[in-house]
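If you count the sequence shown from 1, position 89 lands on 89 in my numbering, and the numbers rise without skipping. Think of the CB as a built atom: it goes at the ideal place given N, C-alpha and C, for glycine as much as any other residue.
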Amino acid sequence: MLIAGAGMAGLCAAARARELGASPVVLEKGTRAGGSMLLSSGVVWRYRSFEEFRAQCPTGDERLQRLVFDRLDEGLEWLESLGAPVLERETGNPLTTGVRFDTPGLTEALVRAAGEVRFEQPVTVTVTVTGDPLVLATGGFHGDPELVARYVKPAAPLRVRANPWSAGDGLKLALARGAALSQGLDEFYGRNMADVEFGEHELVSLAQVFGRYARIFNDHGEEFFDHNAVSWSELDLVQATAHQPGARAWYLLDEEALDERVRYGTVRELVAQAPTRVDPADLPFTPPPRAVVGTRVAAAITHTIGGLRIDERARVLDGQREPIEGLYAAGVDAGGISSGGYASGLASALVLGLTAAETALS
Ligand SMILES: Cc1cc2nc3c(=O)[nH]c(=O)nc-3n(C[C@H](O)[C@H](O)[C@H](O)COP(=O)(O)OP(=O)(O)OC[C@H]3O[C@@H](n4cnc5c(N)ncnc54)[C@H](O)[C@@H]3O)c2cc1C
């Protein structure tokens, strides 16, 4: 059994396959294991009720949502049983429940359980068909600007806030074998980041997740999003920003907004750290009357939401909705689970990784 990608989905698939008695080989394009999972906040979560999941992600594939919802708690216990270190047993969000893992520890535990991982070995369309099952877990296509331009259609290239290696290799391989695409191809998960170059260690600290307290303008001075309508995840705002000139925006804050609390402190503290902080008087348009400070943001992509169409056994489907022999997808490569909204990428990678291994070996 061959697994493409040593991130969350690929490592979970490999670890489960080994438990089931197989000897999987994981081919990893990058120089290290963990993919975006290693860089993430490590919160593996689901909505508290299935109805809430449907309401939050209304255009997502209901059968896949049911699978992720039903199997997540068992998956979390399994991760713990492998020795993955837990940091918190709550998400801090009343809508959701889940566990926060230490991501270096999670990666280590999964690599230990997965067995053989070969680095700098990208799986491409030319991979030889050996008759062995192939699990695609390459993390979607956020790292390929051309694919992002084709499917997501941002007004300008998006900054990448994730591992640099996920460039649609799984998608291209499966399409070459007749795979069908899921819904949600124009959607993505991301954050509006301070508009500066950033490194791996700033992916959380430079995320400006306080759009709901700001007045939001584009470069033409148009208020393009009503801050009262921003969703809890702020994903709708990030996606809307991607379609504004330059895929950028200005957040303008008054005194009251600065006192609001968000996950990592007050808005005042976050704005004080933002390297793109501006005096409203210096803006290229007339600011709203009570604004005392602004910050320049750029839409950044963490991962794509659309991808390959799969069934609830993680089998990649063709245009006739028939499974393609020996081909499975998990994690971000499998599309359409959270379209219309936002759900935990780590959760679907975990559950679909387990499912792909079980189906391939059944
Ligand atoms: C800053 C940040 C914070 C986040 N916080 C959270 C959070 O708290 N909760 C949550 O649920 N999600 C979070 N996420 C998202 C989460 O990390 C992803 O949803 C998850 O990692 C997806 O798993 P995956 O296996 O599909 O992709 P990844 O974990 O990215 O793994 C994909 C792997 O495939 C490899 N690869 C790519 N191409 C090839 C190829 N051709 N051949 C072989 N290997 C290849 C890549 O190098 C990578 O190692 C966050 C992400 C970031 C960046």
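Query, Result
"Counting only runs of 4+ residues fully inside the region 238-277, write out the alpha helix (DSSP H) ranges in chain order.", "255-258 and 267-273"
"Are three or more beta carbon pairs between the region 115-131 and the region 276-296 nearer than 8 Å?", "no"
"Report buried or exposed for G221, applying the criterion of at least 16 other Cβ atoms within 10 angstroms of its Cβ.", "exposed"
"Quick one, which of R313, D254, P287 and T286 has its alpha-carbon nearest P323's?", "R313"
"Less than 8 Å between the beta carbons of P133 and G326, yes or no?", "yes"
"Considering only their Cβ atoms, is the gap separating V297 from A349 smaller than 8 Å?", "no"
"Does the structure place the region 269-288 close enough to the region 173-192 that three or more beta carbon pairs sit under 8 Å?", "no"
"According to the Cβ coordinates, are N192 and G170 closer than 8 Å?", "no"
"Give me the Cβ distance between I305 and L64, rounded to the nearest whole Å; I'm assuming they're in contact under 8 Å.", "With 8 Å as the limit, I305 and L64 do not qualify as a contact, their Cβ atoms being about 12 Å apart."
"Any chance the region 147-155 sits against the region 15-33, with 3 or more Cβ pairs inside 8 Å?", "no"
"Do you know how far the Cα of D144 is from the Cα of L11?", "23 Å"
"Is the beta carbon of L67 less than 8 Å from the beta carbon of A84?", "no"
"Could you check what DSSP says for T103 in three-state terms: helix, strand or coil?", "helix"
"Closest by CA to R263, which one among R112, E234, G345 and L181?", "E234"
"Kindly examine ligand 1 and report whether one of its heavy atoms sits closer than 7 Å to the Cβ of A113.", "no"
"Verify the contact flag: E28, CB atom, against every heavy atom of ligand 1, threshold strictly below 7 Å.", "yes"
"Is D333 near ligand 1, with its Cβ less than 7 Å from a heavy atom?", "yes"
"May I have the straight-line CA-CA distance separating H371 from L158, to the nearest angstrom?", "This structure does not reach residue 371, given that the chain is present from 1 up to 362, and the question cannot be answered."
"Bridge partners of V351, per DSSP?", "V351 is not bridged to any residue."
"Over the uninterrupted beta strand (DSSP E) stretch that includes P323, give me the two end residues.", "P323 to A329"
"I'd like to check one pair, S182 with F141: are the Cβ atoms closer than 8 Å?", "no"
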